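Undergrad:
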């Protein structure tokens with residue numbers, strides 16, 4: 002070989018070695034970069050749960066970066082990337098199928114209280130089953146498969162109940178009343194016994210609309226000028242159906258809500274005992290300061306199935322307070338009642354019934370609840386006088402104002418409740434009496 006050829010060969014060899022060095026260096030840089038990204042994708046070295054900050058697009062980019070790496074370790078990294086992509090697709094489908102505020106899986110957190118979104122069909126869910134056929138197992142894969150199975154059940158349950166609601170009658174025919182009532186009762190029971198993760202509220206709304214259409218048809222065809230008919234009576238004697246129709250335009254029955262202000266107090270258990278003796282529930286408008294003193298009584302009220310509501314912290318005249326002071330009275334009491342009972346009140350009543358409209362605007366979405374039947378038990382001390390006062394003021398729809406701290410009030414209650422039952426009154430919570438919406442002005 003002449004000198005020129007030897008020189009060219011040397012140059013070419015040097016170039017090839019340099020290129021090989023560059024490729025080798027770049028390969029190691031790329032491997033290190035991909036390895037770093039894979040470690041960021043997964044929460045730990047078990048490589049199961051994936052980082053929620055990595056979108057499907059991000060994962061595809063990591064996969065693109067890995068296309069030039071090679072060797073056994075590179076294959077391991079590429080497999081972990083592919084698994085992350087498959088998991089992200091499965092997670093995304095599950096989360097898209099449920100209500101936005103409760104995703105099923107986010108990072109390494111698995112929510113057990115998710116609710117399926119309206120309109121997600123069983124067919125749509127079944128079409129994605131291949132997405133959950135993983136050929137390996139880890140903790141996230143187990144969670145994905147388990148929740149996919151629950152999603153299938155929830156979608157099927159939703160469709161079944163919605164289909165049954167669709168087939169419920171809309172129009173009343175006298176000859177099929179008993180059959181219709183059986184059908185409505187059956188669907189009502191299925192909704193109340195719903196399986197986990199189904200949209201019970203959505204189903205209940207659909208059911209209520211269909212039942213209301215049917216009940217209005219019964220009223221239009223059968224009711225007298227007082228809104229009564231034997232068919233409506235039969236309908237409203239069905240417990241599951243009456244609970245939906247109470248206070249609605251088809252409900253001809255007299256309604257009454259028992260309420261007590263200013264508690265909890267030393268006589269509140271006596272009031273609850275009397276209510277339970279006659280199988281009714283009451284609403285207790287609690288003060289924040291009294292709840293702080295007797296949180297165990299507030300808990301007992303809730304435990305025994307009664308409702309609690311907000312009656313300010315220490316019973317000032319709201320007409321003399323600033324907006325900020327009113328908000329402090331209500332918000333402080335909300336927190337105290339929630340801490341004592343675990344329940345957040347949805348109703349409020351201002352002390353003395355003062356400054357109703359302003360307070361309602363300030364504390365929304367809390368709802369106001371006042372009264373149209375008074376006991377005047379803060380003035381009257383004889384149980385018979387309290388009884389007479391209540392009876393004199395009773396209306397077709399009544400919310401009775403009382404104070405459980407007075408023994409005369411609870412003694413009068415022993416006569417009030419049976420007499421109202423005798424007169425056909427149905428005992429309800431204030432929210433079930435539509436008239437209370439019109440009592441929000443001083």
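Numbering (my numbering), first residue to last: 2 to 443.
Don't be surprised by glycine CBs; every beta carbon is placed ideally from N, CA and C.
All figures in this text were calculated on a predicted structure; none of them were measured in a lab.
Are the beta-carbon atoms of residue 398 and residue 373 separated by less than 9 Å?
TA: Looking up residue 398 in the chain shown gives position 397. Looking up residue 373 in the chain shown gives position 372. Cβ distance < 9 Å, so residue 398 and residue 373 count as in contact.
Undergrad: If we ignore side chains and look at the alpha-carbon of each, how far apart do residue 248 and residue 434 end up?
TA: The count along the chain shown starts at 1 and reaches residue 248 at position 247. The count along the chain shown starts at 1 and reaches residue 434 at position 433. Residue 248 and residue 434: Cα-Cα distance of roughly 5 Å.
Undergrad: Report back the beta-carbon spacing between residue 263 and residue 316 to the nearest angstrom; my notes put them in contact at under 8 Å.
TA: Mapped onto the chain shown, residue 263 falls at position 262. Mapped onto the chain shown, residue 316 falls at position 315. Their Cβ separation, rounded to whole angstroms, is 7 Å, which keeps residue 263 and residue 316 in contact under 8 Å.
Undergrad: For residue 436, which of helix, strand or coil comes out of DSSP?
TA: Looking up residue 436 in the chain shown gives position 435. Residue state, collapsed to three classes: helix.
Undergrad: Quick one: using the 10 Å Cβ neighbour count with 16 as the cut-off for buried, is residue 424 buried or exposed?
TA: Here the question's residue 424 lines up with position 423 in the chain shown. Classification of residue 424: exposed, given that the 10 Å Cβ count is below 16.
Undergrad: For residue 415, which residues in the same chain have their Cβ closer than 7 Å to its Cβ, ignoring the five residues on either side in sequence?
TA: Residue mapping note: residue 415 aligns to position 414 of the chain shown, counting from 1. Around residue 415: 275.
Undergrad: Run through the DSSP bridge pairs and tell me what residue 262 is partnered with.
TA: Along the chain shown, read from residue 1 onward, the residue named residue 262 stands at position 261. 286.
Undergrad: So, using beta-carbon positions, are residue 351 and residue 366 closer together than 9 Å?
TA: Looking up residue 351 in the chain shown gives position 350. Looking up residue 366 in the chain shown gives position 365. In this structure, residue 366 does not lie closer than 9 Å to residue 351 by Cβ.
Undergrad: Quick one, are the C-beta atoms of residue 215 and residue 185 less than 9 Å apart?
TA: Locating residue 215 in the chain shown gives position 214, where the first residue counts as 1. Locating residue 185 in the chain shown gives position 184, where the first residue counts as 1. Yes, they are a contact pair.
Undergrad: Run through DSSP, which three-state label would residue 384 get?
TA: Numbered from 1 along the chain shown, position 383 holds the residue referred to as residue 384. Note: residue 384 maps to helix in three-state DSSP.
Undergrad: DSSP on residue 190, reduced to helix/strand/coil?
TA: Taking the first residue of the chain shown as position 1, residue 190 is located at position 189. Correct three-state label for residue 190: helix.
Undergrad: Just reading off the beta strand (DSSP E) that residue 402 is part of, what are its end residues?
TA: For this step, residue 402 is matched to residue 401 along the chain shown. That run of the beta strand (DSSP E) goes 398 to 403.
Undergrad: With a threshold of 8 Å on Cβ separation, who are the neighbours of residue 209 within its own chain once the five nearest residues in sequence on each side are excluded?
TA: Mapped onto the chain shown, residue 209 falls at position 208. Answer for residue 209: 245, listed in chain order.
Undergrad: When DSSP labels each residue in this structure, what does residue 425 get in the three-state scheme?
TA: Counting from 1 along the chain shown, the entry for residue 425 is found at position 424. Coil, per DSSP.
Undergrad: Classify residue 88 as helix, strand or coil using the three-state DSSP reduction.
TA: As a working note, residue 88 is residue 87 in the chain shown. Here residue 88 sits in helix by DSSP.
Undergrad: At the level of alpha carbons, what is the spacing between residue 173 and residue 418?
TA: Indexing the chain shown from 1 puts residue 173 at position 172. Indexing the chain shown from 1 puts residue 418 at position 417. So the alpha carbons of these two residues sit roughly 35 Å apart.
Undergrad: So is residue 60 buried or exposed if we call it buried at 16+ other beta carbons inside 10 Å?
TA: Within the chain shown, the letter at position 59 stands for residue 60. Buried: at least 16 other Cβ atoms inside 10 Å.
Undergrad: In the DSSP assignment, find the alpha helix (DSSP H) that holds residue 271 and state where it starts and stops.
TA: Along the chain shown, read from residue 1 onward, the residue named residue 271 stands at position 270. Note, residue 271: alpha helix (DSSP H), 269 to 278.
Undergrad: Of the choices 243, 255, 166, 204, whose alpha-carbon is the least far from that of residue 436?
TA: As a first step, residue 436 is located in the chain shown; it is residue number 435 there, counting from the start. Per the Cα distances, 255.
Undergrad: For the beta strand (DSSP E) containing residue 309, list its first residue and its last residue.
TA: Within the chain shown, the letter at position 308 stands for residue 309. Residue 309 -> beta strand (DSSP E) spans 308 to 311.
Undergrad: Measure from the alpha carbon of residue 361 to the alpha carbon of each residue in 439, 392, 382, 120, then state which is nearest.
TA: For this step, residue 361 is matched to residue 360 along the chain shown. The shortest Cα separation from residue 361 among 439, 392, 382, 120 belongs to 439.
Undergrad: I need the straight-line Cα distance from residue 328 to residue 355, nearest angstrom please.
TA: Locating residue 328 in the chain shown gives position 327, counting from the first residue. Locating residue 355 in the chain shown gives position 354, counting from the first residue. Residue 328 and residue 355: Cα-Cα distance of roughly 14 Å.
Undergrad: If I measure Cβ to Cβ from residue 1 and keep anything under 7 Å in the same chain, skipping five residues before and after, which residues do I get?
TA: The question about residue 1 has no answer here: the residues shown for the chain are numbered 2 through 443.
Undergrad: Would you mind giving the Cβ-Cβ distance between residue 105 and residue 96, rounded to the nearest angstrom? I have them listed as a contact below 8 Å.
TA: Position 104 of the chain shown, counting from 1, holds the residue named residue 105. Position 95 of the chain shown, counting from 1, holds the residue named residue 96. Right, their Cβ atoms sit about 6 Å apart.
Undergrad: Is the number of C-beta pairs between the stretch 151 to 161 and the stretch 226 to 233 that are closer than 8 Å three or more?
TA: No, because fewer than three Cβ pairs between the stretch 151 to 161 and the stretch 226 to 233 fall closer than 8 Å, the two stretches do not touch.
Undergrad: In this structure, how does DSSP classify residue 43 when only helix, strand and coil are distinguished?
TA: On the chain shown, position 42 is the one that residue 43 refers to. The answer is strand: DSSP assigns residue 43 an E or B state.
Undergrad: Check whether the Cβ atoms of residue 48 and residue 117 sit closer than 9 Å, and answer yes or no.
TA: On the chain shown, position 47 is the one that residue 48 refers to. On the chain shown, position 116 is the one that residue 117 refers to. No; because the gap between Cβ atoms is not below 9 Å, this pair is not in contact.
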